[in-house]
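Number of protein chains: 2
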Amino acid sequence: MLDALERKIEQFINELNDETTQKLYAQIPAGKRLRAALILKIAPHTLSSIKLAAIVELIHAASLLHDDVIDDAFMRRNKPSINASFGNKTAIMLGDILYSKGFYELCSIDTKVAQIISNAVTQLSLGEQADVVLSKKFNASKHDYMKMIYQKTASLIEASSEAAALLANKDRVVYRNYGRAIGMAFQIIDDILDITASSKQLGKPAMSDFVEGKTTLPYIYLYEALQENERSKLLSYHGKKLKEQQLAWIEAKFKEHGIIERCIHEAKALALEATLMMQQEGNESLQKIAQDMVDRDF
Amino acid sequence: MLDALERKIEQFINELNDETTQKLYAQIPAGKRLRAALILKIAPHTLSSIKLAAIVELIHAASLLHDDVIDDAFMRRNKPSINASFGNKTAIMLGDILYSKGFYELCSIDTKVAQIISNAVTQLSLGEQADVVLSKKFNASKHDYMKMIYQKTASLIEASSEAAALLANKDRVVYRNYGRAIGMAFQIIDDILDITASSKQLGKPAMSDFVEGKTTLPYIYLYEALQENERSKLLSYHGKKLKEQQLAWIEAKFKEHGIIERCIHEAKALALEATLMMQQEGNESLQKIAQDMVDRDF
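Printed below as a string of structure tokens:
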């Protein structure tokens, strides 16, 4: 299954008939292929579903290329990012090439599938923009955070599930909801790991998000839990390079108020919801994907 | 006609339902709407043709946003570019939003139209990349230059004409060829004007292209015409900030060998070819577009 996927992606890249693009694309590590795996666990393996899975992975790769430029991220999957190795401009152009090739191939699958996926890309782009806008100051609104991670991360996972269900003549609404739930859980966990994982595991200093101005769910809950004078302290730390002692204070406050546990619980609730949906559908491998996402050390 | 076009574009932007995007989009000057005008002079004014025209203008705007980041261009249509006013990242994200909204809307017109336009966007992105790659050293190959401007500039104009012909049940090949010819003429003229127009007309210093490493058609012909020792001199000027005296030498050599006239002639030949095609089709306004493109002071 995954072999056919990789060959289809390779074929798309070769069809571009451009040496520069082929060389650059070869520098991008493949990643987990989560979206493709979802599609190929929902729909039977036909030319359409394999194409769809390859397209979604191309689009996801394009979004990460632009993402890394926007976030000044120099590592991706434990390798230097394309922008780090070849500059921002190269990453922008390669992203545009992969996006447009993805859209071109989408046209030949099914109109409704093309609409579902391209709408998700709009949401993803709006989410990226919202992430940057929200990072300009401390964001205390859980609603704004949830909307942003829905757009930035969950929308393409949701769309992948829904489009695969459409190809498979399954219940689109159930698979759509499943995709959204695991997409939201995935981003919440990613945001927790930024706090709890070691800098070695992350390939960047811990708590980078907050230093970069990103008020993820743990910080929103922490703000709610703190007293007035502590809140001012937290706000004064936002978006700055912090000293050991300041990082330690935040960590202690997370512990004191059980914030990380609360966030893990929230991610697990989403994963459980997703698991139950797939129990009803009788799809065991999708239950496992949802469970594996949250069954880990934090 | 153009009023309906502007209202459709406005509707697309409003449907994104995002304040940041609306505010930023309002900062982009409308431009000449060449591609939309072509579409609406080829196809009857139906919902589909007006939508297609609006989509192509969104896509064109997106490509210029990324273009200006890649070229470090700070002026666009005599106003500061989005990257100059709001930074590269904002321009990248806004471009992604407009591209994906354009692709989403394309799905609801016609599959073949969607393929023609999205394939042109891939060509356009590959052309942008080729432009950067070619700029790294002096490019003496006319073939590489022509392929690059075809991809970067002519492909979307060609695709607009062809897609409009498809909607209008006209001869796709004729309109496709017409679009390619005026697209090529357009870029050659743009490259000539970089040399012949005043810096005030251009909003940037004259001969910027060569200083930025771009070997446009006049420089390729000049290189061919020069003697060995003069060629070395020209090569030594490539991609550098030049002194008055050095610029004057290039200008004198252009005059001596009649290079600019030769390039104008080549653009006019393309425009004439396009005009003759439309004479046969009996489409006077498209003849006029082709003629107006080259009937100007250089």
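Protein chains in written order, with my numbering: chain P, 72 to 369; chain Y, 72 to 369.
In this text, a Cβ means the ideal position worked out from N, Cα and C, and glycines have one as well.
This structure is a prediction, so every number in the text was calculated from the model and none was measured.
At a cut-off of 9 angstroms, the C-beta of Ser206/Y has no neighbouring C-beta in chain P. Nearest in C-alpha terms to Glu199/Y, of all of Ser206/P, Lys312/P, Ile163/P and Cys178/P, is Ile163/P. Comparing alpha-carbon positions, the option among Asp366/Y, Met349/Y, Thr346/Y and Met278/Y lying closest to Phe325/Y turns out to be Met278/Y. Counting along the chain, Gln93/P sits inside the alpha helix (DSSP H) bounded by residues Glu90 to Tyr96.
Listed by position along chain P, the residues whose Cβ is nearer than 9 angstroms to that of Lys218/Y form an empty set, because the closest Cβ is around 11 angstroms away. In the three-state reduction of the DSSP assignment, Lys314/P falls in the coil class. Judged by their CB atoms, Tyr246/Y and Glu233/Y are nearer to each other than the 9 angstroms cut-off. Along the region 128-144 of chain Y, going in chain order, the ones with a CB nearer than 7 angstroms to a CB of chain P are His137, Val140 and Ile141.
According to the DSSP assignment, Gln200/Y belongs to the alpha helix (DSSP H) that extends over Thr182 to Leu205. Setting aside the 5 residues that flank it on each side, Asn248/Y is surrounded in the same chain by Met348, each with a C-beta closer than 7 angstroms to its C-beta; the list follows chain order. Using a CB distance cut-off of 9 angstroms, Val203/Y counts as an interface residue toward chain P. Chain P places no beta carbon closer than 9 angstroms to that of Tyr96/Y, leaving this residue out of the contacts.
If you draw a straight line from the Cα of Thr286/Y to the Cα of Asp139/Y, it comes to about 18 angstroms. Residue nearest to Ala101/P within the set Ser120/P, Ala133/P and Ala155/P is Ala133/P (criterion: CA-CA distance).
Scanning Tyr290/P, Ile228/P and Ile331/P for the CA closest to the CA of Ile126/P turns up Ile228/P.
With 16 or more neighbouring CB atoms inside 10 Å of its own CB, Leu288/P falls in the buried class. For the C-beta of Glu199/Y, the chain P residues within less than 8 angstroms are, from N- to C-terminus, Met164 and Asp167. Check the Cα spacing between Glu344/Y and each of Asp261/Y, Ser270/Y, Ser303/Y and Ala256/Y: the tightest is with Ala256/Y.
Only buried fits Ala108/Y, as 16 or more other CB atoms lie within 10 angstroms of its CB. If you draw a 10 Å sphere on the C-beta of Ala342/Y, you find 16 or more other C-beta atoms in it, and that means buried. By the Cβ neighbour-count rule, Leu105/Y is buried, with 16 or more other Cβ atoms within 10 Å of its own.
DSSP places Pro276/P in the coil class of the three-state scheme, outside both helix and strand. DSSP places Pro100/Y in the coil class of the three-state scheme, outside both helix and strand.
For Gln186/P, the chain Y residues whose Cβ falls inside 8 angstroms of its Cβ are Tyr175, Cys178 and Ser179, in order along the chain. Taking 9 angstroms as the cut-off, the beta carbon of Thr92/P is found closer than this to the beta carbon of Ile84/P. Inter-residue distance for Ser356/P and Ile121/Y is about 46 angstroms (C-alpha atoms, whole angstroms).
Taken through DSSP and simplified to helix, strand or coil, Arg148/P comes out as coil. When C-beta distances to chain Y are compared with 8 angstroms, every residue of the region 274-293 of chain P stays at or above that value. DSSP, reduced to helix, strand and coil, places Asn354/Y outside both helices and strands of the structure shown, so it counts as coil. Between Leu238/Y and Thr117/Y, the C-beta gap is smaller than 9 angstroms, which places the two residues in contact.
Contact between Ser231/P and Ser171/Y is ruled out by a C-beta separation of about 15 angstroms, above the 8 angstroms threshold. Residue-level contact by beta carbon holds for Asn159/P and chain Y, with a gap shorter than 9 angstroms. The beta carbon of Asp262/P does not come within 9 angstroms of any beta carbon belonging to chain Y, so the residue lies off that interface.
Taking the Cα positions, Lys183/P is about 22 angstroms away from Leu76/P. Cα atoms of Val365/P and Ala268/P: separation of roughly 14 angstroms, rounded to the nearest angstrom. Residue environment: Phe145/P is assigned as exposed (fewer than 16 neighbouring CB atoms within 10 Å of its CB, all protein chains considered).
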